[in-house]
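Asker: Right, I'll just put the structure down here and ask away after.
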Amino acid sequence: MALSMTAFARQEAQQEWGTLSWEIRSVNQRYLEPHFRLPDTLRALEPTLRERLRQKLARGKVDISLRFTPADQQATLELNEPLLNQVIGTAEQLQQRLDVSAPLDIMRLLQWPGVMQSAQVDPDELRQTALSLFNDTLEELIEHRRREGNSLVAHIEQRLTQILDIVEQVGDYLPEALQRYRAQLKQKALDMAIELDDGRLEQEVLILAQKADVDEELDRLKTHVKEAQRALKSSGPCGRRLDFLMQEFNREANTLGSKALSTDITQAAVDLKVLIEQMREQIQNIE
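So for the sequence shown, full-length UniProt numbering puts the first residue at 1; every next one is plus one.
Encoded structure:
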């Protein structure tokens, strides 16, 4: 099933100790490109979040943000002494290595992520709640992508059906165009008082028919339609496959236009290119 890369999801969880809210936005991108904005107290979750995102999504630029609001904004802060000791010890080692004796800035030490933390919040519970809520938000995003993808598939399938209709029409146009060319040759011969025997006339018509033969192009267009329909029904990501097929569609439409014997066939080639471009624009959003 084709998934759109454009989607949005938001989930919120309220607990006694505060509120967590996730927002995930995704737009089209050639590769998977996640960007995280997390509170300092939960920044250590980023590797786990990246892995979960990679398991669920294949492409797209994804902006992920988490907001944590404590229940009591005036809650008492407590000092994370083990972490503070590590920071001070590392700073002192660096001073010795660089042979400097500058005093440590107390305020900067206190601003170090995790040194000061709310006494009311259990860090493990906070992390588990954040991870669980992230999973729910990600599933909501995927469902949104699925709905958008269904809409894109319907749009593309409609254009594929129109392409098949045009292919059938072009198959009918060619015999009529050759008949008109035969009549035009006869008329020119009469106008110029040139005697043109039937054998020579048929030879000229045959030469033109060989130059204007588009059966191969029409067959390839039908094959490309089948491949596109198969890709749209596949279970995995299909955007890149469809994008490649649009290039092949366009190549056949160009060849068809260059071989056109009549304005009907020329217009058919133009109509094909319009439909192909409409599909290509939609495919840019498919994962």
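Glycine included, every Cβ here is placed at the ideal spot set by N, Cα and C.
Spell out a yes or no on whether the region 1–9 and the region 23–40 are touching, meaning 3 or more CB-CB pairs, one atom from each, closer than 8 Å.
Answerer: The answer is yes - the region 23–40 touches the region 1–9, with three or more Cβ pairs under 8 Å.
Asker: Which ranges would you report for the alpha helix (DSSP H) in the UniProt domain "Endoribonuclease YicC-like N-terminal" (4–152) if only whole runs of at least 4 residues count?
Answerer: Entirely contained in the UniProt domain "Endoribonuclease YicC-like N-terminal" (4–152), the alpha helix (DSSP H) runs reaching 4 residues are, in chain order, 46–56, 81–98 and 106–111.
Asker: Thinking residue 288 and Pro70 are a contact (beta carbons under 8 Å), I'd like their distance in whole angstroms, please.
Answerer: Given that the chain is displayed from residue 1 to residue 287, the structure contains no residue 288 and the question cannot be resolved.
Asker: Using CA atoms only, rank isn't needed, just tell me which of Phe134, Val167, Glu281 and Leu221 is closest to Glu12.
Answerer: Residue Phe134 is the option with its Cα nearest to Glu12.
Asker: Quick check on the DSSP output: the alpha helix (DSSP H) that includes Gly236 runs from which residue to which?
Answerer: Premise fails: Gly236 is in no alpha helix (DSSP H) and is neither H nor E.
Asker: Closest by CA to Ile106, which one among Leu94, Leu84, Pro123 and Arg97?
Answerer: For the residues Leu94, Leu84, Pro123 and Arg97, the minimum Cα distance to Ile106 belongs to Leu84.
Asker: Can you tell me whether DSSP reads Leu190 as helix, strand or coil?
Answerer: Per-residue confidence for Leu190 stands at a pLDDT of 49, beneath the threshold of 50, marking its modelled position as unreliable; no derived number is given.
Asker: With a 10 Å radius around its C-beta and 16 neighbouring C-beta atoms as the bar for buried, classify Phe244 as buried or exposed.
Answerer: It is exposed - the Cβ of Phe244 has fewer than 16 other Cβ atoms within 10 Å.
Asker: Using alpha carbons as the reference points, say which of Ile265, Leu66, Arg159 and Tyr173 lies closest to residue 322.
Answerer: The first residue shown for the chain is 1 and the last is 287, placing residue 322 beyond what the model contains.
Asker: Give me the Cα-Cα distance between Gln162 and Leu42, rounded to the nearest whole angstrom.
Answerer: In a straight line, the C-alpha of Gln162 is about 52 Å away from that of Leu42.
Asker: CB Ile166 to CB Ala268, shorter than 8 Å?
Answerer: Cβ atoms of Ile166 and Ala268: closer than 8 Å.
Asker: How far does the alpha helix (DSSP H) with Met1 in it reach, from first residue to last?
Answerer: Segment: none, Met1 is in no alpha helix (DSSP H) and carries neither H nor E.
Asker: Provide the residue span of the alpha helix (DSSP H) that contains Gln267, from first to last.
Answerer: Where Gln267 is concerned, the enclosing alpha helix (DSSP H) stretches over Thr263 to Ile283.
Asker: Going by DSSP, what residue range makes up the alpha helix (DSSP H) through Lys226?
Answerer: Here the alpha helix (DSSP H) through Lys226 covers Asp215 to Leu232.
Asker: Quick one: what's residue 292 bridged to in DSSP?
Answerer: Residue 292 is absent from the structure shown; the chain starts at 1 and stops at 287.
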